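Keeping their order, the protein sequence lines are chains A, B and C. Position 272 (the first sequence) corresponds to 272 in UniProt numbering; numbering is contiguous. Position 70 (the second sequence) corresponds to 70 in UniProt numbering; numbering is contiguous. Position 40 (the third sequence) corresponds to 40 in UniProt numbering; numbering is contiguous. Comments concern the structure below.
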Amino acid sequence: MSQRQHLLTVDSLNRERVDHLLRVATRMEPIAQRRQVTRVLEGAVLGNLFFEASTRTRVSFNAAFCRLGGSVCDTTGFTFSSMAKGESLYDTSRVMSGYCDAIVMRHPDQGSVAEFAAATNVPVINGGDGPGEHPSQALLDIYTIDKEFQRLGKSLGGAHILLTGDLKYGRTVHSLIKLLSLYGPLRITLVSPPGLEMPSQLVDLVTSRGHHVEQRNSLASDFSDLDVVYATRIQKERFTDEMNESFQGLSNDFMVNRDFLDQRCSEHTIVMHPLPRDSRPGANDLNVDLNGDPRLAIFRQTDNGIPMRMAIFATLLEVDELVEKEMRPVRWFVPAQTGTLDR
Amino acid sequence: MSQRQHLLTVDSLNRERVDHLLRVATRMEPIAQRRQVTRVLEGAVLGNLFFEASTRTRVSFNAAFCRLGGSVCDTTGFTFSSMAKGESLYDTSRVMSGYCDAIVMRHPDQGSVAEFAAATNVPVINGGDGPGEHPSQALLDIYTIDKEFQRLGKSLGGAHILLTGDLKYGRTVHSLIKLLSLYGPLRITLVSPPGLEMPSQLVDLVTSRGHHVEQRNSLASDFSDLDVVYATRIQKERFTDEMNESFQGLSNDFMVNRDFLDQRCSEHTIVMHPLPRDSRPGANDLNVDLNGDPRLAIFRQTDNGIPMRMAIFATLLEVDELVEKEMRPVRWFVPAQTGTLDR
Amino acid sequence: MSQRQHLLTVDSLNRERVDHLLRVATRMEPIAQRRQVTRVLEGAVLGNLFFEASTRTRVSFNAAFCRLGGSVCDTTGFTFSSMAKGESLYDTSRVMSGYCDAIVMRHPDQGSVAEFAAATNVPVINGGDGPGEHPSQALLDIYTIDKEFQRLGKSLGGAHILLTGDLKYGRTVHSLIKLLSLYGPLRITLVSPPGLEMPSQLVDLVTSRGHHVEQRNSLASDFSDLDVVYATRIQKERFTDEMNESFQGLSNDFMVNRDFLDQRCSEHTIVMHPLPRDSRPGANDLNVDLNGDPRLAIFRQTDNGIPMRMAIFATLLEVDELVEKEMRPVRWFVPAQTGTLDR
């Protein structure tokens with residue numbers, strides 16, 4: 001079977017395929033924003049298999065499939081009962097594809113989703129395989145940047161994008177930088193504590209594609225031309241003793257908060273984050289003092305998970321053209337702002 | 001956003017709003033009793049978020065939303081994975097409202113559902129927040145009383161209602177007595193073991209609204225004019241040592257069983273209970289010897305959860321008028337008695 | 001209420017009823033194979049109550065109900081919250097039947113599903129009650145044999161069927177042999193390690209119905225006329241010390257693998273298994289070296305769970321005639337082979 005049929009890694013995505021998904025996601029907006037409904041997947045069944053808990057991702061895929069008219073069988077938990085009895089991923093995959101028309105799988109072990117997908121012709125979407133891939137997140141991220149830029153009259157060509165936080169272990173930023181490298185040319189600034197830098201092969205890849213990459217160990221510089229700051233959490237559990245010591249004096253150098261935005265960036269710099277963010281005091285994560293600031297795009301970003309995941313399902317199941325012809329108006333009450341003023 | 005948009009507490013309900021919900025619930029009966037189906041919420045998604053296990057309540061909300069044609073994303077478990085990572089209720093709420101058209105939330109901490117609701121414009125229904133509120137239960141209770149009274153040719157004006165069991169900690173009876181106080185005038189008798197009496201501010205509230213309230217410490221009196229006995233479980237775990245001792249000789253004074261009904265009440269006294277009831281021998285709960293007695297209304301009461309929760313969803317999502325115009329007959333087999341002879 | 005209304009045990013099934021289910025399952029194939037969709041159960045709600053984890057069975061029932069157009073409320077976990085508080089199965093059953101139109105229940109305790117069913121008129125399907133029954137498995141097994149035989153131009157009359165593995169504790173083979181005994185006459189060979197033989201009352205029952213039964217303690221004989229081998233796992237945890245010792249030298253005598261098929265059986269012998277199978281090295285289970293062999297019918301068998309479970313729901317809910325009149329073509333992409341080449 002062809003890799004086209006699954007969505008396992010961003011590496012399988014070229015510019016044309018990403019462009020297509022961005023276009024289809026835009027087409028899904030009237031449904032995602034609950035102005036229209038469609039039933040194109042009426043009768044279809046999604047197997048939403050979460051071998052690892054991840055409520056937001058699970059609900060997002062579930063809701064996206066429902067919005068297309070399909071039904072969802074959820075499974076949550078660290079082990080499947082039958083796999084605990086020695087069933088192979090091959091058998092599980094083959095059995096599930098007899099029940100479902102598409103499968104989303106999240107699993108703590110890198111490579112397991114690909115192993116699962118190898119045993120079936122039913123489209124499989126990688127919902128995150130441990131330190132591996134989480135392609136739908138990277139797709140909704142680039143969709144968000146594209147949408148925000150359209151709103152602001154900007155374009156990806158020549159944009160300046162800052163990725164900051166834990167760039168070594170954060171799979172989100174790894175996948176995102178690969179997708180970004182299909183566009184541009186871009187100016188990409190990478191800011192992380194010493195020891196948590198972006199892997200050099202990824203920096204080399206992006207540079208080889210003609211982008212300008214700059215790496216720093218502090219946010220204390222001028223970002224007045226910055227278009228996007230993409231923040232991720234710095235988990236101190238990742239630190240060696242040595243790193244811990246050197247980080248003591250540095251932690252303020254990685255704070256994405258209102259001061260940083262007001263003093264170093266511009267009024268058009270948007271702030272993104274893969275969520276969840278740690279809102280506890282002392283967490284080295286995106287500060288809650290930005291709540292309510294229109295530059296904070298994190299909730300628009302998570303909202304965008306619905307049209308992008310709808311686009312992924314619709315494309316893999318080949319109803320992406322059909323949807324447009326089969327929409328009808330929503331009949332229930334939808335608040336003017338489905339979220340808070342933080343939209 | 002307005003409180004009208006959520007259902008967080010019975011305190012936000014006035015007589016007009018309760019009357020409306022009772023009317024809409026009645027309108028839902030053909031669907032709840034499976035003579036008709038409707039699809040008015042086709043395409044809508046409910047987030048059914050149970051941070052605390054409660055199978056019956058979760059399934060009841062789930063089924064009610066499905067009967068209106070919507071889809072449901074269930075989440076069960078004591079912690080959400082992302083909240084365990086330090087995510088605030090504010091962030092969780094905002095994210096979920098991007099996925100769902102309505103949210104039911106149950107949470108062990110009082111006030112948490114209101115905190116969650118404050119971050120979203122999507123209608124939020126409190127499915128129970130620990131010792132706090134559980135408004136849909138009180139609404140289905142008053143709907144049951146109203147329906148039973150109609151069947152028996154009675155009216156709420158002048159009715160005699162007995163609340164018994166643990167009246168101190170039972171949130172169900174607190175919410176119910178508030179709703180009852182909007183009707184009447186009523187005679188309300190409160191019977192509980194010493195130390196588990198109804199909080200005095202609630203007694204004062206009800207009295208100030210013109211109802212006659214009487215408090216006792218035993219069921220050993222004449223209840224021949226009683227219309228409703230609403231029983232709740234006495235959990236001995238609530239007892240101090242002192243209370244435990246004094247309760248030894250008293251426990252028979254709080255037994256709602258066939259003897260009590262036959263000897264002290266009338267053939268038209270109906271028996272209600274919020275369920276679940278503890279059927280184990282020695283439990284201080286509604287006796288199973290009433291099973292099969294037509295006065296036992298507890299299963300009619302739980303059945304009524306469906307039309308009432310449909311009414312809540314339909315009202316908050318503003319399809320309460322539409323439903324009536326869009327019903328069509330059920331096409332599958334429905335047993336004459338969907339339940340047992342205990343209907 | 002009549003036993004006809006529930007599906008609790010294969011003992012309640014006569015030849016006519018099984019024939020009917022086989023016919024209805026065949027009628028469901030276009031939907032199960034995703035060439036057609038139907039909405040006959042639109043508005044209906046299934047309570048899918050798993051008191052014991054069993055992902056494949058749960059998802060199979062769930063998907064089957066969805067394919068008929070219904071909605072599903074899943075419940076998983078070893079205890080229901082309310083049953084942990086002392087609620088009786090009677091109360092739980094009665095409450096759930098107020099919410100749902102049909103109930104599937106799996107429970108670790110034998111007899112518990114029947115107890116549950118006794119309290120309701122809503123159709124209840126036993127999804128496995130510990131060492132007791134799992135009738136839908138036996139039905140999909142006989143449906144598989146029937147379907148494979150049709151493909152091969154064979155008939156059940158005079159067929160030779162081998163059941164092997166743990167025939168003492170395996171509830172699957174107990175139920176299957178009862179259903180098989182309604183057909184035939186058959187030649188049934190039973191091969192198990194000493195101490196794990198088929199219970200003699202079952203052998204007597206089958207013999208009394210005119211079938212030829214032969215019991216052996218090794219697969220080392222000529223099976224060149226064999227039509228079906230139905231393998232089950234031998235769980236060494238079942239063994240006494242004495243059995244363990246005697247099994248050491250025997251384990252190869254119970255190996256269903258490519259060698260056994262190639263050397264002792266024929267090219268038309270099909271291999272079945274209830275799944276899951278233990279694929280770990282050293283497990284005494286159906287060997288993975290048969291993967292890809294067209295005689296391996298285990299994945300066609302699990303696929304057959306969908307049309308058979310659809311047939312069970314459709315029959316109990318009396319829409320089995322209606323379905324045929326209300327199908328329309330699927331509009332999404334369905335791979336030519338929904339599974340692997342192992343179909």
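Glycine residues also receive a C-beta, built at the ideal position from the N, C-alpha and C atoms. Bear in mind the structure is a predicted one, so any value in this text is a computation, not a measurement.
With contacts defined as CB atoms closer than 8 angstroms, L22(B) and V124(B) fail to qualify as a contacting pair. In its chain, beyond the 5 residues on either side, L89, S93, M105 have a beta carbon closer than 6 angstroms to the beta carbon of F116(B).
Contact between the region 287–307 of chain B and the region 314–323 of chain A is absent: fewer than three C-beta pairs spanning the two stretches fall below 8 angstroms. Taking L46(B) as the centre and dropping the five residues before and after it, the same chain places the C-beta of F61, N62, F65, G70, S71, V72, C73, C100, D101, A102, I103, V104, F313 closer than 8 angstroms to its C-beta, in chain order. Linking L13(C) to G170(C) through their CA atoms gives a straight-line distance of about 20 angstroms.
Look at Y99(B): its C-beta is under 8 angstroms from a C-beta on chain A.
For the region 57–72 of chain A, the residues whose beta carbon sits under 8 angstroms from a beta carbon of chain C are, in order, S71. Taking a beta-carbon distance threshold of 8 angstroms, D278(A) counts as an interface residue toward chain B.
For V229(C), the three-state secondary structure derived from DSSP is strand.
The beta carbon of E148(C) lies closer than 7 angstroms to those of I270, A297 in the same chain, with the five residues before and after it left out. A residue is called buried when at least 16 other Cβ atoms come within 10 angstroms of its Cβ; P329(B) does not meet this threshold and is exposed. Spatial neighbours of L176(A) in its own chain (CB-CB distance under 6 angstroms, excluding positions within 5 residues in sequence) are listed in chain order as A138, D141.
Those residues of the region 32–49 of chain C placed with their C-beta closer than 8 angstroms to a C-beta in chain B are V40, L41, E42, G43, A44, V45, G47, ordered along the chain. The beta-carbon separation of D91(A) and R277(C), rounded to 7 angstroms, stays under the 8 angstroms limit for a contact.
For R328(A), the closest Cβ of chain C is not nearer than 8 angstroms. V256(A) carries a coil assignment under DSSP once its states are collapsed to helix, strand and coil. In this structure, the beta-carbon distance from V256(C) to A231(C) falls below 8 angstroms. The three-state reading of DSSP puts C265(B) in coil, since its state is none of H, G, I, E or B. Interface criterion met: the Cβ of K85(C) is under 8 angstroms from a Cβ in chain B.
Cα atoms of V229(A) and H273(A): separation of roughly 8 angstroms, rounded to the nearest angstrom.
Among the residues of chain C, those whose CB is under 7 angstroms from the CB of F333(B) are L317, E318, following chain order. With a cutoff of 8 angstroms on beta-carbon distance, T75(C) and T55(B) are scored as near each other. Below 8 angstroms, too few C-beta pairs join the region 118–134 of chain B and the region 149–165 of chain B to call them touching: fewer than three.
Rounded to whole angstroms, the separation of the alpha carbons of K325(B) and R27(B) is 11 angstroms. Interface with chain C (8 angstroms Cβ-Cβ cutoff): A283(B) is included.
In the three-state reduction of the DSSP assignment, L152(A) falls in the helix class. Rounded to whole angstroms, the separation of the alpha carbons of R39(C) and G43(B) is 15 angstroms. Within the model, the alpha-carbon separation for G153(A) versus A220(A) is close to 28 angstroms. Chain-ordered listing is empty here: chain B has no CB closer than 9 angstroms to the CB of D293(A), the nearest sitting near 14 angstroms. Spatial neighbours of H174(C) in its own chain (CB-CB distance under 7 angstroms, excluding positions within 5 residues in sequence) are listed in chain order as L202.
Selection Q36(C), G130(C), M198(C), I234(C) evaluated against L250(C) yields I234(C) as nearest (Cα-Cα). In the three-state reduction of the DSSP assignment, M327(A) falls in the coil class.
Residue state for T240(A) is assigned as coil, using DSSP reduced to three classes. The continuous beta strand (DSSP E) containing Q215(C) extends over residues 212–216. For the pair L49(B) and N126(B), the Cα-to-Cα distance works out to about 10 angstroms. Ranked by Cα distance from H107(C), the first of R58(C), S155(C), G98(C), S279(C) is R58(C).
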